[in-house]
Amino acid sequence: MNRKKKRLAVIAGGVGFIAVAVLLVLFALSRSVSYFYMPSDLAEKPVGEGTRIRLGGLVEEGSIKRVENSNVLFTVTDGGGAVEVRYAGILPDLFREGQGVVTEGRFDGDGAFHADTVLAKHDENYMPREVAERLKEDGVWEGEGEAAP
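Position 121, counted from 1, in the sequence shown is what numbering that gives the first Met the number 0 calls 120; the numbers after and before it change by one each time, with no gaps.
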């Protein structure tokens, strides 16, 4: 093998290695992405079973039900739709009815949303940016405070 062919083989091997690395990174990133939805979005365009999403909105008044152990059922609404959420764990201290919330999880086979993460506001003027923007657009929330950065 002459010098030119060796150089070409090394370049081809390097390009192949980089291509495989890029494909592995893209695959890993696509598996960890969770898209943001509001309840009215899910009413229009349902999400497939097992797909990881973020669900945001307001905790509906009178919807929080504590069941055995640390399991909690509550409803997230945006005025145009509502989704019942099941969560096993300890809720944030500031979680309460009528406040903004973002949950992360999946829908199971029976159509229930099982959250593994619940994020709530942290002070009087905070609401998650995506939730605040969508609720203001829909005319459901008119908060004075600025959304978080």
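Built from N, CA and C at the ideal position, the CB exists for glycine as well.
Subject >> Local conformation of V19 per DSSP, three classes >> reply: In the three-state DSSP reduction, V19 falls in the helix class (H, G or I).
Original post:
In angstroms, rounded to a whole number, what distance separates the CA positions of I89 and G56?
Top reply: CA-to-CA, the gap between I89 and G56 works out to about 19 Å.
Original post:
Expressed to the nearest angstrom, what Euclidean distance is found between the alpha-carbon atoms of V84 and A114?
Top reply: V84 and A114 have their alpha carbons spaced roughly 7 Å apart.
**OP:** Within the same chain, show all residues whose beta-carbon is closer than 6 Å to that of R65, passing over the 5 residues directly before and after it, in chain order.
**Re:** Here the set comprises V71.
Original post:
Would the beta-carbon of V58 fall within 8 Å of that of F106?
Top reply: If you check the CB distance, V58 and F106 do not come in under 8 Å.
**OP:** Just grab the DSSP bridge partners of V84 for me.
**Re:** V84 pairs with F73 and F112.
**OP:** Go ahead and label M0 buried or exposed: buried means 16 or more other beta carbons lie within 10 angstroms of its beta carbon, across all protein chains shown.
**Re:** When all chains shown are included, M0 counts as exposed.
Original post:
Do you know offhand how far E43's Cα is from E136's?
Top reply: In this structure, the straight-line span from the alpha carbon of E43 to that of E136 is close to 17 Å.
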